[in-house]
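The opening position of the sequence shown corresponds to residue 1216 in the working numbering, with each subsequent residue numbered one higher.
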Amino acid sequence: MKKISYILLLSLLSAACSSPEKEAVDYVNPYIGNISHLLVPTFPTVHLPNSMLRVFPERADYTSEYLSGLPAIVTGHRGRSGLYFSVSCDQSPSPLGKLSYDNEHITPYSFSLDLEGGDIHAEFAVSRQSALYEFSFSNGEGSVLLTSKGEVKADGNVLTAWQGAGRNGTKVYVYAQFQETPSGSEEFQEEGRSWAILHFKEPKVHVRYAVSFISLEQAAENLAREQKAYDVKALACEGRRIWNEALGRIAVKGGTEDQKTVFYTSYYRTLERPVCISEGGRYWSAYDGKVHDDEGTPAYADDWLWDTYRAAHPLRILLDREIEEDILASYIRIGIQSGNYWAPNFPGIGGDGRAMNCNHAIASYADAMVKGLKVDTLALLRSGKTALLEKTLVPWRGNPAVGLDKFYWENGFFPALKDGEKESEPIVDSWEKRQGVAVTLGTSYDCWCLEQIALAAGDNETADYFHRASLFYRNLYNPETAFFHPKDSDGNFIEPFDYDFPGGPGAREYYDENNGWIYRWDVQHDIPGLIELMGGDENFIRNLDQTFATPLKQSKYDFYAKMPDHTGNVGQFSMANEPSLHIPYLYNYAGAPWKTQKRVRQMLRTWFRNDLMGVPGDEDGGGMTSFVVFSSLGFYPVTPGKPEYAIGSPIFTESRIRLSNGKTFTVKAPSASEDNKYIVSASLNGKALEKPFISHSDIMEGGTLLLEMSSKPKK
């Protein structure tokens, strides 16, 4: 009876995996962006939404001739494994050998490929903390190897391994169990690597395995909890169901097949990070080197907040607020476990990366709070306040505050060095530099966000302090040029100065990864104040127009050699870097929403495409693709920390968004097309909408935003 039931179950699963119509997951193309314009490409990551176990056939990029191996787990976004499976038709595969491959097929939940000239076929499917490989050998026998930078052991049909994965003794463990009985095994160690080989006299070999950051015993428990069989197709079918459920939260009509592919692939990218690291109710913390009980609130890590606060976190608030609540609770715990209460910057599984600049976890704190999520306001306030006042603002550093920080809070700007002036602060990184303008503008925004939290907590004194600090951005505004201009420690503008091509590699002496044209608009929290500084709406619009129209003044060779992050150009605008994402929407604030509509469509059409180079720059695990998701739907969160969205130009005739509260918000644009990108009238639930903005509460209450579109703008 059990056998019949199991066969019936597999039959039902197989039937469930086939659909006569294309489903949401079928539109995902993991290869989009796998060749980069200049820097890091996307990778065709196989995982379940926000799950701990992620892999991709590991290689330098899409054009690589060989695989480095078949990873057991990638422990960080864009990371490399070190823990690889490898296979061979002979009895002695090399742990450092490369694998030739062919006929590769990848979905979000599975992959298959041929290895070694077709002599081996591999299939893979993934669960949350475990996965399954099936290897088929053309000659009826073969070997499977597991290699690690730590230790690998063989015991019967079991391989176990571990290797270091971060600070405070962080390790990743693998427990692998084979269905077939090996004919023999061997263990080796050499040059800091360890590997074990199991030999089989079988045409097919199945290995299921699980990972853990706690222990080998926990890895074995994770495997027992998640997998009961060795059926790769059944596991893939379950993964497909999970992905369809996640991606199906947004259903779209109209648009082209390519537009749907770009949309759902972008949505898939936003679900790669952060990952849930709770294992059976416990989790390892690299922040104090201990295992903790999660007390019913799952722990999350691996998030680059400088990138993701802008749109990825706001998207999750709309679609899965409970996970966002757990993520932010995790970041509060990280501060507590670190012993300093500081909000994290790049909270990784192996510790906080403290990368980039500013403390933009505070923006996600404020955004969640003003949008009604369940958060501990006092804990958010403490986390943000200590991060700003006790940790240094020096980029890429997690040190306590230094003299530059004292200068900042007393003078209202982060000072830059004069040409030829020697660095006086030892902790400033020799490559990343001071980034004075970027630090001042970004910290002003963080202070505004903390002001909102303090007001909600009833701490008016703290709110007043950070309100004043939120206006520090004005101290670097140069009224003669209408740009934000670095100042030296005497308060003088650095002269001479070139906004197009400033400050060494990546403009890091003054800005960060982008030039002065991009940071001209880095005042998300006080756009009316920026309009006032520029002399009103007309000047503001004129300056925006110039950003998109002013050509690069250097050859591409010279410009990109210095500014490799500043790709995806339309004039001086860069679609390829996160500080640019809100800029096309700024026309809305100055009375020219038709220009926002034009620019948003221009960016989507030009730089996000269904091809191998279809992402204009570093995607950063949802940091950029969340812009695509929002913009394709027709609205965008310009200022996380404010419960409103700027309206753009939807590419679909209808989008139905299943919200966190179970309600549905629908955007209808029946005439939307490539030419019909301009909104000539709008209504929300039958009531005319007079401004190009919509509130968070309007969306969460459900209903319909109806947009009448035309090929001609309504100015």
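Note that CB positions come from ideal geometry on N, CA and C, so glycine has one too.
Check whether the Cβ atoms of residue i and residue j lie closer than 8 Å to each other.
i, j, result
"Leu1462", "Tyr1445", "no"
"Gly1357", "Phe1415", "yes"
"His1292", "Arg1488", "yes"
"Ser1266", "Thr1840", "no"
"Tyr1726", "Gly1718", "yes"
"Leu1347", "Gln1442", "yes"
"Thr1290", "Val1387", "yes"
"Leu1314", "Tyr1281", "yes"
"Tyr1467", "Glu1869", "Sequence inspection shows Val at residue 1467; the Tyr mentioned does not correspond to that position. Yes. Within cutoff."
"Gly1470", "Ile1866", "yes"
"Asp1517", "Asn1383", "no"
"Tyr1324", "Leu1285", "no"
"Tyr1580", "Ile1668", "yes"
"Phe1681", "Leu1656", "no"
"Ala1558", "Gly1599", "yes"
"Met1584", "Ala1684", "no"
"Phe1300", "Val1359", "yes"
Within a Cβ cutoff of 7 Å, which residues of the same chain sit near residue i, ignoring the five residues on either side of it in sequence?
i, result
"Glu1934", "Not covered by the structure: residue 1934. The range shown for the chain is 1216 to 1930."
"Asn1614", "Thr1607 and Ile1642"
"Leu1253", "Tyr1775, Pro1779 and Thr1782"
"Pro1766", "Gly1786"
"Pro1397", "Asn1372, Leu1413, His1414 and Phe1415"
"Gly1297", "Ser1363, Lys1364 and Gln1378"
"Met1749", "Ala1697, Phe1755 and Asn1758"
"Gly1496", "Asp1508 and Asp1509"
Could you compute how far the alpha carbon of residue i sits from the alpha carbon of residue j?
i, j, result
"Lys1878", "Arg1464", "11 Å"
"Ala1884", "Thr1476", "19 Å"
"Val1652", "Phe1629", "7 Å"
"Tyr1734", "Tyr1316", "44 Å"
"Ser1965", "Glu1638", "Residue coverage of the chain in this structure runs from 1216 to 1930, which leaves residue 1965 outside it and unanswerable."
"Pro1235", "Asp1241", "12 Å"
"Ala1391", "Val1422", "6 Å"
"Leu1224", "Leu1874", "Annotation note: pLDDT 45 at Leu1224 (below 50); position unreliable, no value reported."
"Ala1764", "Val1738", "21 Å"
"Phe1687", "Glu1366", "52 Å"
"Arg1597", "Gly1744", "28 Å"
"Glu1710", "Phe1880", "52 Å"
"Pro1259", "Gly1563", "20 Å"
"Cys1452", "Ala1722", "48 Å"
"Tyr1221", "Leu1450", "The predicted model places Tyr1221 with a pLDDT of 36, which falls under 50 and marks its position as unreliable; any figure quoted below should be read in that light. Their Cα atoms are separated by approximately 14 Å."
"Glu1647", "Tyr1802", "32 Å"
"Asn1814", "Phe1842", "The sequence shown places Arg at residue 1814, rather than the Asn named in the question. Spanning the two alpha carbons is a distance of roughly 13 Å."
"Asn1560", "Trp1624", "20 Å"
"Pro1256", "Leu1904", "41 Å"
Residue range of the beta strand (DSSP E) that residue i falls in?
i, result
"Tyr1893", "Tyr1893 to Leu1899"
"Thr1322", "Leu1314 to Thr1322"
"Ser1925", "Gly1918 to Ser1925"
"Arg1423", "Lys1419 to Ser1427"
"Ser1645", "No beta strand (DSSP E) holds Ser1645; DSSP gives it neither H nor E."
"Gly1379", "Val1373 to Gly1379"
Suppose the cutoff is 6 Å on Cβ atoms and the five residues either side in sequence are ignored; what does the same chain contact list for residue i look like?
i, result
"Lys1419", "Ser1351"
"Ala1230", "Its pLDDT being 47, under 50, Ala1230 is placed unreliably in this model, and the coordinates cannot settle the point."
"Arg1816", "Ser1864 and Lys1892"
"Val1654", "Asn1572, Leu1608 and Phe1629"
"Phe1326", "Val1261 and Phe1339"
"Trp1732", "Thr1762 and Gln1787"
"Ser1400", "Ala1369 and Leu1413"
Start and end of the alpha helix (DSSP H) containing residue i?
i, result
"Ile1538", "Arg1536 to Ser1553"
"His1797", "It is not in any alpha helix (DSSP H) - His1797 carries neither H nor E in the DSSP assignment."
"Thr1762", "Asp1752 to Ala1764"
"Lys1165", "As displayed, the chain neither begins before 1216 nor continues past 1930, which places residue 1165 out of reach and without an answer."
"Ser1579", "Ala1576 to Val1585"
"Leu1205", "Residue 1205 cannot be examined here, being either before or after the span of the chain that is shown, 1216 to 1930."
"Trp1458", "Val1447 to Leu1462"
Can you find the residues in the same chain that come closer than 8 Å, C-beta to C-beta, to residue i, ignoring five residues on each side of it along the sequence?
i, result
"Ile1219", "Unreliable placement is indicated for Ile1219, whose pLDDT of 40 sits below 50; no coordinate value is reported for it."
"Arg1824", "Ile1247, Asp1473 and Val1477"
"Leu1534", "Arg1464, Ile1465, Ile1872, Arg1873, Leu1874 and Ser1875"
"Lys1589", "Glu1540"
Do residue i and the ligand FMN come close, with the Cβ less than 7 Å from some heavy atom?
i, result
"Asn1825", "The model on display carries no ligand, and the ligand FMN is accordingly not part of it."
Segment contact flag, the segment 1826–1839 with the segment 1520–1529, C-beta cutoff 8 Å, min 3 pairs: Yes: the two stretches touch, three or more of their Cβ pairs being nearer than 8 Å.
Contact between the segment 1697–1706 and the segment 1617–1637 (3+ Cβ pairs under 8 Å): Between the segment 1697–1706 and the segment 1617–1637, the count of C-beta pairs closer than 8 Å reaches three or more; the two stretches touch.
Three-pair Cβ contact test at 8 Å for the segment 1269–1289 versus the segment 1845–1863: In short, these stretches do not touch, since the Cβ pair count stays below three.
Inter-stretch contact at 8 Å, needing at least 3 Cβ pairs: the segment 1558–1574 / the segment 1524–1537: No, they do not touch.
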